[in-house]
Amino acid sequence: MDQVTVNFQDAQQAFLLLKSMDKDKIAGFLEEMAGQIDGIREELIPTAARESHLPEGRITGELGRTLGQIRLFSQVVAEGSWVEATIDKADPERKPAPKPDIRRMLRPLGPVVVFGASNFPLAFSTAGGDTVSALAAGCPVLYKAHPAHPETSRMVAEAIKNAVRTSGLPKGTFQHIEGGIETGQLLVTHPLAKAVAFTGSFRGGKALFDACNAREQPIPVFAEMGSVNPIFVFESYLSEQVEATAAAYAGSLTLGVGQFCTNPGLIFIPKSTEQAFSKAVVSQLKQSAAAPMLHEGICHNYYQALETLSHAREIEWLLASEPGELLTGNAALAKVSASDWLQEDAFQEEVFGPFGIMVVYESEADLIALAQQLKGQLTCTVWGMPNELERSGAFLNLLEEKCGRLLFKGVPTGVEVGHAMQHGGPFPSTTDSRSTSVGVHAIKRFVRPVAYQDMPQALLPKALQEANPLGIRRKVDGEWM
Numbered sequence: 002m003d004q005v006t007v008n009f010q011d012a013q014q015a016f017l018l019l020k021s022m023d024k025d026k027i028a029g030f031l032e033e034m035a036g037q038i039d040g041i042r043e044e045l046i047p048t049a050a051r052e053s054h055l056p057e058g059r060i061t062g063e064l065g066r067t068l069g070q071i072r073l074f075s076q077v078v079a080e081g082s083w084v085e086a087t088i089d090k091a092d093p094e095r096k097p098a099p100k101p102d103i104r105r106m107l108r109p110l111g112p113v114v115v116f117g118a119s120n121f122p123l124a125f126s127t128a129g130g131d132t133v134s135a136l137a138a139g140c141p142v143l144y145k146a147h148p149a150h151p152e153t154s155r156m157v158a159e160a161i162k163n164a165v166r167t168s169g170l171p172k173g174t175f176q177h178i179e180g181g182i183e184t185g186q187l188l189v190t191h192p193l194a195k196a197v198a199f200t201g202s203f204r205g206g207k208a209l210f211d212a213c214n215a216r217e218q219p220i221p222v223f224a225e226m227g228s229v230n231p232i233f234v235f236e237s238y239l240s241e242q243v244e245a246t247a248a249a250y251a252g253s254l255t256l257g258v259g260q261f262c263t264n265p266g267l268i269f270i271p272k273s274t275e276q277a278f279s280k281a282v283v284s285q286l287k288q289s290a291a292a293p294m295l296h297e298g299i300c301h302n303y304y305q306a307l308e309t310l311s312h313a314r315e316i317e318w319l320l321a322s323e324p325g326e327l328l329t330g331n332a333a334l335a336k337v338s339a340s341d342w343l344q345e346d347a348f349q350e351e352v353f354g355p356f357g358i359m360v361v362y363e364s365e366a367d368l369i370a371l372a373q374q375l376k377g378q379l380t381c382t383v384w385g386m387p388n389e390l391e392r393s394g395a396f397l398n399l400l401e402e403k404c405g406r407l408l409f410k411g412v413p414t415g416v417e418v419g420h421a422m423q424h425g426g427p428f429p430s431t432t433d434s435r436s437t438s439v440g441v442h443a444i445k446r447f448v449r450p451v452a453y454q455d456m457p458q459a460l461l462p463k464a465l466q467e468a469n470p471l472g473i474r475r476k477v478d479g480e481w482m
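Take the sequence shown: its letters are residues 2 to 482, numbered as in the working numbering.
Here it is as structure tokens:
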């Protein structure tokens, strides 16, 4: 019997116990998990910094986010209303046919395969949002570690396993698996796998999506595959604050050496302010200190993408970037007209690193055509004066169809972890625009609705029992109670 099959058998046995486990026990496990990880911070932070080439300050902040999202899901599970319990009571006297008793709620899918991300060694990796939301839903996790930070992943995995043991959960609740592409393919094609979560490149995510759809029984793949997160700037807004706008854009573009999924790789500006903005943003980018990228492969791909774009005749380079010291990611900026941008799909492809394309448009009327051509994004940002926004209803209405999060202030690189966040957009940014990988609604990726018709009260899940022993909010006969 191969090891992957053994892993899944343990996970399936764990699932049969977890799916009916008391919500307070699951919530307590998540709290214990956060505590176990917090307990190794003194060793974890320098290890993650060394493996990822990220500064310890960034890792410290990421650890805080990781612990915060674990505890947030613990609170969601403990409160319990996320299961969307819905009850239509029976009416045996209804004519012409009696009305049955039907009770519906969300139930966990089964074992989930989670792939770690390279750019967030904590928050999107071993104990990241995908892992935590799956566990919160009652799904065992088979975690495929990212090779970019193996020691970090092993340390966090051991902390999670300690939490599993301390909380009295079955051993198959969480499993840490290392290996290459072949291992990943074996995991997602195993018959007991019920869902896949992935954060990474379009190529990697699409390969997993295709593999899972080719299965005898296809399963959902929730893949975040990249985005150029365009910013659209209106004329009056930009003319009044050129320097501030340039600083905001440059700071967001180069944040994390451009290795966030929300770095704004595109900015659309009006021709009337082209020269002033170009000068200001180049000045800002020259002042930004180059820093190491996550690993050699990412750095190589970054400069290879710039080399490919350098042959495009339509592009004017405002700030060129050449490979420097090993792993160093230098900022780069190119300019193209709106008419040329509309003719070339390559200008929409994500370049993972501190590179942006400035697209110059002639008039606000051009924005409709630009939005129509835009591919699916995680975010779109619009900077404009109130009167400019008010007369742009058609443009904004169209832009909403292109993204999962639409911003009117600030920059897209801040992703709040909370109840209202949507981090997922139309293809090709993700494989399922109806889901999010950040925030409490991430839990709903790993569940399915089940309706129980005329089921005896004693057999119903507690969330649906007449007495409501969990004390959760439910919809009963069309009314929230």
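Every residue, glycine too, gets a C-beta built ideally from N, C-alpha and C.
As the structure is a computational prediction, the values presented were derived from the model and not from experiment.
- Under DSSP, W318 shares a beta bridge with A335.
- Distance from the Cα of E401 is smallest, within the candidate group D25, L379, K20 and E326, for L379.
- In this structure, R406 is the residue among R449, H420 and R406 with its C-alpha nearest to the C-alpha of S434.
- For the region 96-142, the continuous beta strand (DSSP E) assignments of 3+ residues that do not extend past its boundaries occur at 103-109 and 113-116, in sequence order.
- With distances taken between CA atoms, S273 lies nearest to V234 out of F199, G111, V234 and K445.
- Buried is the label assigned to A464, since at least 16 other Cβ atoms lie within 10 Å of its Cβ.
- By DSSP's assignment, G357 forms a beta bridge with L334.
- In this structure, A247 and Q285 form a Cβ contact; the two beta carbons are roughly 5 Å apart against a cut-off of 8 Å.
- In this structure, G111 keeps its C-beta atom at 7 Å or more from the C-beta atom of D11.
- By DSSP's assignment, W384 forms a beta bridge with V234.
- Taking 8 Å as the upper bound for CB-CB distance, M106 and P462 are in contact here, some 6 Å apart.
- Contact between I88 and L64 is ruled out by a C-beta separation of about 42 Å, above the 8 Å threshold.
- When DSSP states are grouped into helix, strand and coil, R475 belongs to the coil group.
- Taking L18 as reference, the option from T48, E80, R108 and E52 with the minimal CA-CA separation is R108.
- As DSSP reads the structure, A292 sits in a beta bridge with G330.
- DSSP links L407 through a beta bridge to C381.
- If the five residues before and after G139 are omitted, its C-beta is found closer than 6 Å to the C-beta atoms of L19, K20 and P109, all from its own chain and listed in chain order.
- Here the alpha carbon of A212 sits roughly 13 Å from the alpha carbon of K195.
- For E480, the secondary structure class from DSSP, reduced to helix, strand or coil, is strand.
- By alpha-carbon distance to L320, the top candidate from W481, P429 and L307 is L307.
- Beta-bridge partners of L193 (DSSP): none assigned.
- E225: member of the beta strand (DSSP E) spanning V222 to E225, first to last residue.
- Under the three-state reduction of DSSP output, D92 falls in the strand class.
- The criterion of a C-beta distance shorter than 7 Å is satisfied by L375 and K403.
- A contact between stretches requires three or more CB pairs, one per stretch, nearer than 8 Å, and the region 436-452 meets this requirement with the region 123-134.
- A distance below 8 Å between beta-carbons, with the five flanking residues on each side excluded, links A149 to the following residues of its chain, in chain order: E52, S53, S119, P122, L295 and H296.
- Around the beta carbon of K96, a 10 Å sphere encloses fewer than 16 other beta carbons of the protein chains shown; the residue is thus reported as exposed.
- Counting C-beta pairs closer than 8 Å gives fewer than three between the region 337-349 and the region 384-402, which falls short of the contact rule.
- Distance from the CA atom of E236 to the CA atom of S430, rounded to whole angstroms, is 28 Å.
- Shortest Cα-Cα distance from A198 to any of L143, P151, Q176 and V165 involves L143.
- Across the set A339, H424 and V477, the C-alpha of H424 shows the shortest separation from the C-alpha of G377.
- Restricted to the region 27-84, the alpha helix (DSSP H) segments that are unbroken, complete and at least 4 residues in length are 42-53 and 57-80, listed in chain order.
- Put simply, the region 177-189 does not touch the region 26-41. Fewer than three CB pairs are less than 8 Å apart.
- K410 counts as exposed, since fewer than 16 other beta carbons sit within 10 angstroms of its beta carbon.
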